[in-house]
Amino acid sequence: MGSPVSNRAGSRGDFLVNFRAPWNWTGKSRKNNSRQLVCQGQELPQPDAFVPLEMLSSSQSYIGQILQPTYNPEFLSHSSYADSFDEEPPLLEELGINFDHIWQKTLTVLNPIKPADGSIMNETDLTGPMVFCLALGATLLLAGKVHFGYVYGISAVGCLGIHALLNLMSIAGVSYGCVASVLGYCLLPMVVLSSCAVFFSLQGILGTSLALIIIGWCSLSASKIFISALAMEGQQLLVAYPCALLYGLFALLTVF
Amino acid sequence: MNPDGGAASKRRLPAASMASPHQLFDDTSAGALGRGYAAQQPPAAGSFLAEPVSSFAVAYGTTLASQGKEIVDRNIDRFIPVTKLKYYFAVDTVYVGRKLGLLLFPFMHQDWQVRYQQDTPVAPRFDINAPDLYIPVMAFITYILVAGLALGTQNRFSPDILGLQASSALAWLIVEVLATLLSLYLVTVNTDLTTIDLVAFSGYKYVGMIVGIVSGLLFGKTGYYLLLSWCCLSIFVFMIRTLRLKILSEAAAEGVLVRGAKNQLRMYLTMAIAALQPLFMYWLTFHLVR
Numbered sequence: 001m002g003s004p005v006s007n008r009a010g011s012r013g014d015f016l017v018n019f020r021a022p023w024n025w026t027g028k029s030r031k032n033n034s035r036q037l038v039c040q041g042q043e044l045p046q047p048d049a050f051v052p053l054e055m056l057s058s059s060q061s062y063i064g065q066i067l068q069p070t071y072n073p074e075f076l077s078h079s080s081y082a083d084s085f086d087e088e089p090p091l092l093e094e095l096g097i098n099f100d101h102i103w104q105k106t107l108t109v110l111n112p113i114k115p116a117d118g119s120i121m122n123e124t125d126l127t128g129p130m131v132f133c134l135a136l137g138a139t140l141l142l143a144g145k146v147h148f149g150y151v152y153g154i155s156a157v158g159c160l161g162i163h164a165l166l167n168l169m170s171i172a173g174v175s176y177g178c179v180a181s182v183l184g185y186c187l188l189p190m191v192v193l194s195s196c197a198v199f200f201s202l203q204g205i206l207g208t209s210l211a212l213i214i215i216g217w218c219s220l221s222a223s224k225i226f227i228s229a230l231a232m233e234g235q236q237l238l239v240a241y242p243c244a245l246l247y248g249l250f251a252l253l254t255v256f
Numbered sequence: 257m258n259p260d261g262g263a264a265s266k267r268r269l270p271a272a273s274m275a276s277p278h279q280l281f282d283d284t285s286a287g288a289l290g291r292g293y294a295a296q297q298p299p300a301a302g303s304f305l306a307e308p309v310s311s312f313a314v315a316y317g318t319t320l321a322s323q324g325k326e327i328v329d330r331n332i333d334r335f336i337p338v339t340k341l342k343y344y345f346a347v348d349t350v351y352v353g354r355k356l357g358l359l360l361f362p363f364m365h366q367d368w369q370v371r372y373q374q375d376t377p378v379a380p381r382f383d384i385n386a387p388d389l390y391i392p393v394m395a396f397i398t399y400i401l402v403a404g405l406a407l408g409t410q411n412r413f414s415p416d417i418l419g420l421q422a423s424s425a426l427a428w429l430i431v432e433v434l435a436t437l438l439s440l441y442l443v444t445v446n447t448d449l450t451t452i453d454l455v456a457f458s459g460y461k462y463v464g465m466i467v468g469i470v471s472g473l474l475f476g477k478t479g480y481y482l483l484l485s486w487c488c489l490s491i492f493v494f495m496i497r498t499l500r501l502k503i504l505s506e507a508a509a510e511g512v513l514v515r516g517a518k519n520q521l522r523m524y525l526t527m528a529i530a531a532l533q534p535l536f537m538y539w540l541t542f543h544l545v546r
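Line by line, the protein sequences are chains A and W.
Okay, so the first sequence: first residue is 1 according to the working numbering, each after it adds one.
Okay, so the second sequence: first residue is 257 according to the working numbering, each after it adds one.
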């Protein structure tokens, strides 16, 4: 197949190969690299110039601006995935979707009485919330209501409002992503409600009481997670009330 | 072929001999791949970051983003005094419960003076007489939602109506606060009432409005009128007792009648502000209850 590198119009690929190659390989391969440079006969920087550049690229990459914000040591335990995916990192790992974390957070939401761990919200994970929003839209669709726009609009405005309120009420600030993530996770019981709406109409005593219970469940979980993440004491009901208003809007969408 | 595609294909190549001069990379990493997996992962995705120009661009981008955030924060701070607002939201559940009780039954409360701590008023958490913004904001939003609910039960609901209700209530609130500010200015009162305090006091009437609408939904017109008049009376007394301490001079506030045009004017002003509340309460709710 010849050397695809030398046939390529730009020499960018060479830079990539040669810059990336010494990054995690042993010093032995670095010497081979310099041999390759000579063989290809192109004008490339000296081998010792690689060292500072590779340090720069490695430190830049470790900051994780492309991937999840924090370098999670749990990723190391997933190295066995590499073998089952033809020796390339799994797509989920690259995207930063960690199913174990998603499952843990979902369990925290589903059990509103158990006190939450304050550190679970350290990583802003928006895949779970996106899945739940889409599930809500899908179950609404099954009931004959095309309300995707309303769902997204209400969640965006609600996240903004709760973000502003929590920043004013708590001593430590909270980021928008964290608020969106928590509110999205606590939308799960609302998906349950809207799937009930597919089978029987909720406009009645039973439907109203079910909706009220689900709203209470959602807002209690959300306020529990916010309280533990932001260390606000004596304010759980105060945080639960605006969340209840927000989920009440979703319930209005579902019921009517 | 883009560089990333090239990189992926290079990883998939089986262990080839190292002798070929055209080979792009050494395959010694077959074992190192699993070991150094986590280490390899970032450069795999960020291989284009390895170019010197790209790294500078990334660094510039991050500083630009943080600078942008700083500019936004500074400008927000200019228009909305965030630290001052934080004082009004320093509440807890006990305070909110007691304040709601006070708003609906202010007749037994004796001491209406706000406690001070070295010239600054104490946070609402520690003093029930201090005004807060949590209750007015929540009451406003709840009022809009309850109005939507009331209209929904009468089959007059559409999402635009919610927006209409919200904007009209907000407009009346702004008009009321501006009128109060203007009259306070005209009467030349020396008071420490800030604009945010006035917004807070004007927002307390939404609690009574919500009670009225809910009772109207549950018990019909009689329930609505009954509870609304009770809430009007409560808010009237509440406003008079709270504003008396702020607007009137010290002597008149303690109950001693002081003759003089100034104090009479201030008393009339206080009563006018307090009388506005029931008026607005009725005006903003009567069309919701049929």
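Backbone N, C-alpha and C define an ideal beta-carbon position, used for all residues, glycine too.
Residue environment, residue i, which counts as buried when at least 16 other CB atoms sit within 10 Å
i, result
"residue 543/W", "exposed"
"residue 483/W", "buried"
"residue 373/W", "exposed"
"residue 427/W", "exposed"
"residue 256/A", "exposed"
"residue 364/W", "exposed"
"residue 98/A", "buried"
"residue 89/A", "buried"
"residue 446/W", "exposed"
Three-state secondary structure assigned by DSSP to residue i
i, result
"residue 372/W", "strand"
"residue 189/A", "helix"
"residue 242/A", "helix"
"residue 387/W", "coil"
"residue 415/W", "helix"
"residue 534/W", "helix"
"residue 377/W", "strand"
"residue 144/A", "coil"
"residue 449/W", "coil"
"residue 175/A", "coil"
"residue 366/W", "coil"
"residue 124/A", "coil"
"residue 336/W", "coil"
"residue 232/A", "coil"
"residue 344/W", "helix"
Whole-number beta carbon distance between residue j and residue i, since they are thought to touch under 8 Å
i, j, result
"residue 487/W", "residue 516/W", "Not really, about 34 Å apart at Cβ, beyond 8 Å."
"residue 187/A", "residue 196/A", "Their Cβ separation, rounded to whole angstroms, is 15 Å, which puts residue 187/A and residue 196/A out of contact at 8 Å."
"residue 530/W", "residue 495/W", "4 Å"
"residue 214/A", "residue 193/A", "4 Å"
"residue 184/A", "residue 112/A", "In fact, because the Cβ distance is near 16 Å, the residues do not count as touching under 8 Å."
"residue 387/W", "residue 453/W", "5 Å"
"residue 181/A", "residue 125/A", "6 Å"
"residue 241/A", "residue 394/W", "6 Å"
"residue 206/W", "residue 404/W", "Shown here, chain W extends from 257 to 546; a query on residue 206/W therefore has no answer."
Proximity below 8 Å, CB of residue i to CB of residue j
i, j, result
"residue 396/W", "residue 357/W", "no"
"residue 232/W", "residue 390/W", "Residue 232/W lies beyond the stretch modelled for chain W, which goes from 257 to 546, so this question has no answer here."
"residue 347/W", "residue 308/W", "no"
"residue 136/A", "residue 191/A", "yes"
"residue 521/W", "residue 425/W", "no"
"residue 462/W", "residue 472/W", "no"
"residue 202/A", "residue 254/A", "yes"
"residue 456/W", "residue 377/W", "no"
"residue 402/W", "residue 469/W", "yes"
"residue 159/A", "residue 189/A", "no"
"residue 127/A", "residue 102/A", "yes"
"residue 433/W", "residue 451/W", "yes"
"residue 169/A", "residue 104/A", "no"
Check your understanding: Looking at chain A, which residues of the region 383 to 400 of chain W have a Cβ within less than 9 Å of any of its Cβ atoms?
Key -> 389, 390, 393, 394, 397 and 398
Point to revise | chain W contacts made by the region 239 to 251 of chain A, where a contact means CB separation under 9 Å | key: 241, 242, 245, 248 and 249
Review point. When you check each C-beta in the region 228 to 239 of chain A against every C-beta of chain W, which residues fall closer than 8 Å?
Key: Taking 8 Å as the Cβ-Cβ cut-off against chain W, the residues of the region 228 to 239 of chain A that qualify are 233, 234, 235, 236, 237 and 238.
Check your understanding: Taking a cut of 9 Å between CB atoms, which residues from the region 196 to 220 of chain A lie near chain W?
Key -> none
Check your understanding: Going along the region 335 to 348 of chain W in order, which residues come within less than 7 Å of chain A, judged by CB to CB distance?
Key -> 341, 342, 345, 347 and 348
**Study point:** Interfacial residues, the region 157 to 178 of chain A to chain W, with Cβ spacing under 7 Å
**Key:** 168 and 169
Check your understanding: Taking any Cβ of chain W, which residues in the region 87 to 114 of chain A have a Cβ under 9 Å from it, in chain order?
Key -> 87, 88, 89, 93 and 94
Point to revise | Selection of the region 119 to 152 of chain A by Cβ proximity to chain W, strictly under 9 Å | key: 150
Point to revise | chain A contacts from the region 421 to 454 of chain W (Cβ-Cβ distance under 7 Å) | key: From the region 421 to 454 of chain W, no residue has a Cβ closer than 7 Å to chain A.
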